[in-house]
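See below for the structure under consideration.
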Amino acid sequence: MLILRCPNCGIDADETELAPGGEAHLRRVGPEASDDAFEGYLFHRENPRGVHFERWRHAAGCGKWFHAARCTQTLEVFGTYSAQVTDPPQDIRDAITARRPGWRWRDIE
Ligand SMILES: [Zn+2]
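The sequence shown runs 0 to 108 under numbering that gives the first Met the number 0.
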């Protein structure tokens, strides 16, 4: 069972209390973007076997959104953090690197 700590209220919530919101850190495109870029923003999502960043809502709790970094293969949770950031915080990236040496995500080192 997936258990995530809501960073908004501090409660450890199991998956029955949470609502998934898909991939985190999507980059919006502007009106000048090409059709291909806009299609990518609307429809293309990462679906990795391994480290992934996701949006979750504490639906049966405080109702607020947050982000989680976890492994889709093992359900190992690396951490949760505010949904108000555009990139994963450094402490989350450090936690992932400590457990998955050599791991990289997009252009983040
Ligand atoms: Zn909460």
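Built from N, CA and C at the ideal position, the CB exists for glycine as well.
Predicted, not measured: the structure shown is a model, and the values here were computed from it.
{"query": "THR79: buried (16+ other C-beta within 10 angstroms of its C-beta) or exposed?", "result": "buried"}
{"query": "With H, G and I counted as helix, E and B as strand and the rest as coil, what does DSSP make of GLY62?", "result": "coil"}
{"query": "Counting only runs that start and end within the stretch 8-53, where is the alpha helix (DSSP H) found for 4 or more residues in a row?", "result": "34-42"}
{"query": "Looking at the unbroken beta strand (DSSP E) that takes in THR79, where does it start and where does it end?", "result": "76-81"}
{"query": "Verify whether the separation of the beta carbon atoms of ALA58 and GLU14 is less than 8 Å.", "result": "no"}
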